[in-house]
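First comes the structure, then the notes that go with it.
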Amino acid sequence: MGTLILAVTALFLYSVGTALQALHLRGRVHSNLAITTLIGILALVGHGLLIAQTVHLDDGFDFSFFKSSVLISWLIVFLLLGLNLRKPVQSLFVVAYPIAALTIVMALITHTPSRLVPEESFGMLSHIALSITAYSLFSLAAIQAVILWLQNRQLKRNYNGLLVRNLPPLQTMESLLFEMVWAGVVLLILAIVTGALFIEDLFAQDLAHKTVFSLLSLLVFVGLLVGRYTKGWRGITASRWTLAGCALLMLAFYGSKFVLELVFHRGL
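Once you know that position 252 of the sequence shown is 243 in the numbering used here, the rest is easy, because the numbers rise by one and skip nothing.
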């Protein structure tokens, strides 16, 4: 199937999914789990086939800036669909779907130098797989943190708006956030360990800032978890720490890629 057809199909389904979730949050329609899941799965299939044609090349995998973004957004939707089967995370779709659609559009209309990793580089591919899964999970945690922050503000002001009425209880939202952070920390540690094992020089010129920012973000997330269990951090405090850690992690990944590929036009 042609790349353009796959892209248009995925974009259409993500648009439909976004519209349904927006209407649900506004109280206009009642969201059905089966329909929500079906739309998400169909969009995910089209998105995945598009990745197979654009990221998986004959001589390896292209992990350049926008190609990586398409893969990460696919993982975000995949993880969210899985979580939605057992956790009340439906509100995150209204943000995740537009992000996925945007990455598809940017991957199609832009061109950056390739960052190829050969298929036989299993060690490097395992490091990359763990890294992008951690980035995807922390992206979901960042969205959850923003929604939790807004929910806290509205509750403190006794404002019974659409957001408060359509979201799960605050305690449930906080529990979900910390579950995401815990899982993300485990994956990030594994990504750093595999990087140390399979990358010859983890502090090489092109990787030094990425490594430093990744370690700093890990410290922030670990600090958040320690604060949670020793000082009872929650609500707005938890949201701020989560967003700070995610910002450092995004600088580690996207900051390095942006400078190398879009500023200096350096490939691999």
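Backbone N, C-alpha and C fix where the C-beta goes; we use that ideal spot for every residue, glycine too. As the structure is a prediction and not an experimental result, all values here were calculated from the model.
Next item on the list: Run the CB neighbour count on ASN143, radius 10 Å, all protein chains shown included, and call it buried at 16 or more, exposed below.
Entry: buried
Item checked: Separation of LYS201 from LEU259, as counted between CA atoms -> Note that LEU259 scores a pLDDT of 49, beneath 50, so its modelled location is shaky; the value from the coordinates is reported in the next line. Each residue's Cα considered, the two are about 16 Å apart.
Check: Looking only at DSSP bridge pairs, what is LEU11 linked to?
Finding: None; LEU11 has no bridge partner.
Item checked: Opposing strand residues paired with LEU35 [DSSP bridges] -> Bridge partners of LEU35: none, in fact.
Next item on the list: Measure the alpha-carbon distance for PHE54 versus THR(-6) and round it to whole angstroms.
Entry: 18 Å
Next item on the list: List the whole-angstrom C-beta distance separating GLY175 from PHE204, where the pair is believed to meet the contact cut-off of C-beta under 8 Å.
Entry: Not a contact, Cβ separation roughly 15 Å.
Checklist line | Cβ shell of LEU11 (< 8 Å), same chain only, five flanking positions each side left out | finding: VAL20, SER22, ILE26, THR27, ILE30
Item checked: Per-residue burial, ALA133 [other beta carbons within 10 Å of its own, 16 or more giving buried] -> buried
Check: So, is ILE95 buried or exposed, given that buried needs 16 or more other C-beta atoms within 10 angstroms?
Finding: buried
Next item on the list: Please list the segments of the alpha helix (DSSP H) lying wholly inside the region 128 to 189, counting only runs of 4 or more residues, in order along the chain.
Entry: 153 to 157, 161 to 189
Note to self: Please classify VAL86 as buried or exposed, where buried requires at least 16 neighbouring CB atoms within 10 angstroms.
What the structure shows: buried
Next item on the list: Have a look at GLY114, VAL(-1), ASP49 and flag the residue whose alpha-carbon is nearest the alpha-carbon of ALA91.
Entry: VAL(-1)
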